[in-house]
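The sequence shown lines up with residues 763 to 1036 when you count with the working numbering. Note that CB positions come from ideal geometry on N, CA and C, so glycine has one too. Here's the structure we're looking at; comments come further down.
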Amino acid sequence: METSAEYTQRLVKYGARAHKSMGQVFLISDEVIESIVSASTVEPDVPLVEIGPGLGVLTRALAPKVPKMWAVELDNHKISILKKELKEHPIEIVHQDALKLDLKDLWGDRMGYLVGNLPYYITSPLIMHFLDQADQLSGMTIMVQKEVADRIAAGPGSKTYGILSIAVQISAKVTKVRDVSPSSFWPVPKVTSAVIRLDLRPYPGFNVNKRDFFRVVKAAFSQRRKTLGNSLAGGLGLKKEEVIERMQGAGISDGRRAESLSIEEFQVLTKAFL
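Below, the structure is given as structure tokens:
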């Protein structure tokens, strides 16, 4: 069997191209592919979908392990390549924008698993789109820009901890699988990537309305350089005195900064501003 690099080189020789406008780069490392497969829930009775298969190097490794899988691709040219190169595998190719994909349309009310090398320019919207479909998804193994992976996995006190960290962590347990060097791709990107696994689950003990919660979180991070009291006053449109009073009642100092608060503390803060 051709290595991923050989497979990609052959297809590029016959006209395959990576479109910069779509954020395309081709994974050519068999080692990284094995890491992704090993970190994923790939079982015969679990529906499997791949987002952005590109030329199909990861798809080739996944398809033999399941009775059927779906591959969601927007690029018409890549679809023609996938149909030709992977015709012997039980793959249903879905020509669709992944941001509009409803997993229920693929496997109904079952719980499936998602794998993908996500386009950098729409990484966060894609992650949130699929986290919103927790009823159809048990987890994901995804490759993203390392900077984004670090933000997703960050905890309180970290400079990279913020809204994205909290938004993902209240919906999934985050596990960093590995970093991926630029040399693992063709064309070689300017950034390092990372593979992360997200196991979807309700955050333990989460007991506030999500809309109210994120209204407070977004207000808190609206001015990161300012103290929490000032950020909340500006973000929620309240007088500073009222904010301080409510924060004191919740046992949280107005002099702290948003990145120092845990998810549990943000829940306490949310209740203080209901």
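Cut-off 6 Å between Cβ atoms - residues of its own chain near residue i, not counting five sequence neighbours on either side
i, result
"Met1009", "Asp1016"
"Thr832", "One detail in the question is off: residue 832 reads as Trp in this sequence, not Thr. Excluding residues within five positions, the ones whose Cβ falls inside 6 Å are Val811, Glu854, Val856 and Leu868."
"Ile1006", "Gly991 and Asp1016"
"Ala915", "Val936 and Lys938"
Sequence-distant residues of its chain with Cβ nearer than 8 Å to residue i (five each side left out)
i, result
"Arg1018", "Thr989 and Leu990"
"His781", "Asp837"
"Leu1023", "Pro918, Ala982, Leu990, Ile1014 and Leu1031"
"Thr821", "Glu812, Pro815, Met831, Ala833, Leu844, Leu848, His851 and Ile853"
"Leu773", "Leu817, Ile843 and Glu847"
Reference residue i; option with closest CA among the options
i, options, result
"Lys972", "Leu820, Thr1032 and Lys846", "Thr1032"
"Val970", "Glu1027, Ile1014, Gly924 and Ala825", "Glu1027"
"Gly901", "Lys921, His891, Ile914 and Val877", "Val877"
"Val787", "Val979, Pro951 and Lys1002", "Pro951"
"Lys866", "Asp974, Ala896 and Lys830", "Ala896"
"Ala929", "Lys830, Leu861, Leu773 and Arg913", "Arg913"
"Pro806", "Lys921, Arg977 and Pro829", "Pro829"
"Val860", "Lys846, His891 and Lys845", "Here residue 860 turns out to be Ala, not Val, going by the sequence shown. The candidate whose alpha carbon is nearest that of Ala860 is His891."
"Asp941", "Pro966, Ser920, Ile1025 and Glu793", "Glu793"
"Leu899", "Leu773, Tyr769, Ala1012 and Pro964", "Pro964"
"Leu893", "Val957, Ser920 and Lys935", "Lys935"
"Phe968", "Arg977, Arg772, Glu909 and Ile1025", "Ile1025"
"Arg977", "Ala1034, Glu768, Glu909 and Lys1002", "Ala1034"
Own chain partners of residue i with C-beta closer than 7 Å, once the 5 adjacent residues on each side are dropped
i, result
"Val808", "Gly874 and Tyr875"
"Gly1037", "The question about residue 1037 has no answer here: the residues shown for the chain are numbered 763 through 1036."
"Val799", "Ala823 and Leu824"
"Lys827", "Val804"
"Pro949", "Ala780 and Val787"
"Val979", "Ile925, Ile928 and Phe1028"
"Thr770", "Phe788, Ile790, Leu817, Val819 and Trp948"
"Glu1004", "none"
"Ala778", "Leu817 and Ile843"
"Ser984", "Ser993, Gly996 and Gly997"
"Met763", "none"
Per-residue burial, residue i [other beta carbons within 10 Å of its own, 16 or more giving buried]
i, result
"Phe1036", "The sequence shown places Leu at residue 1036, rather than the Phe named in the question. By the neighbour-count rule (16 or more Cβ atoms within 10 Å), Leu1036 is not buried but exposed."
"Val804", "buried"
"Arg959", "buried"
"Arg1066", "The structure shown has nothing for residue 1066, since the chain only spans 763 to 1036."
"Asp871", "exposed"
"Gly997", "buried"
"Phe947", "buried"
"Tyr776", "exposed"
"Glu1021", "buried"
Cβ-Cβ distance between residue i and residue j below 8 Å
i, j, result
"Gln907", "Thr885", "yes"
"Ala982", "Leu994", "yes"
"Ile795", "Ala823", "yes"
"Leu848", "Gly818", "yes"
"Leu888", "Ser933", "no"
"Ser797", "Val939", "yes"
"Glu835", "Pro815", "yes"
"Ser766", "Thr903", "no"
"Pro944", "Thr937", "no"
"Met905", "Leu880", "yes"
"Gln931", "Phe975", "no"
"Ala956", "Ala911", "yes"
Residue i Cβ short of 7 Å to the ligand NAP heavy atom set
i, result
"Asp867", "For the ligand NAP, the structure offers nothing, since it holds no ligand at all."
Residue-chain proximity (residue i, chain B), Cβ-Cβ < 8 Å
i, result
"Lys908", "Although the question refers to chain B, the structure presented lacks it and comprises just one protein chain."
Handout entry: Ranges of the alpha helix (DSSP H) found wholly within the stretch 780-828, counting only runs of at least 4
Key = 792-801 and 819-824
Handout entry: Contiguous beta strand (DSSP E) assignments of at least 3 residues, all confined to the stretch 907-942
Key = 934-942
Problem - Every unbroken alpha helix (DSSP H) inside the stretch 942-1010 [4 residues or more] - result: 972-982 and 990-998
Practice task
Quick one: which unbroken alpha helix (DSSP H) runs of 4-plus residues sit fully inside the stretch 829-905? Chain order, please.
Solution key: 838-847, 866-869 and 885-893
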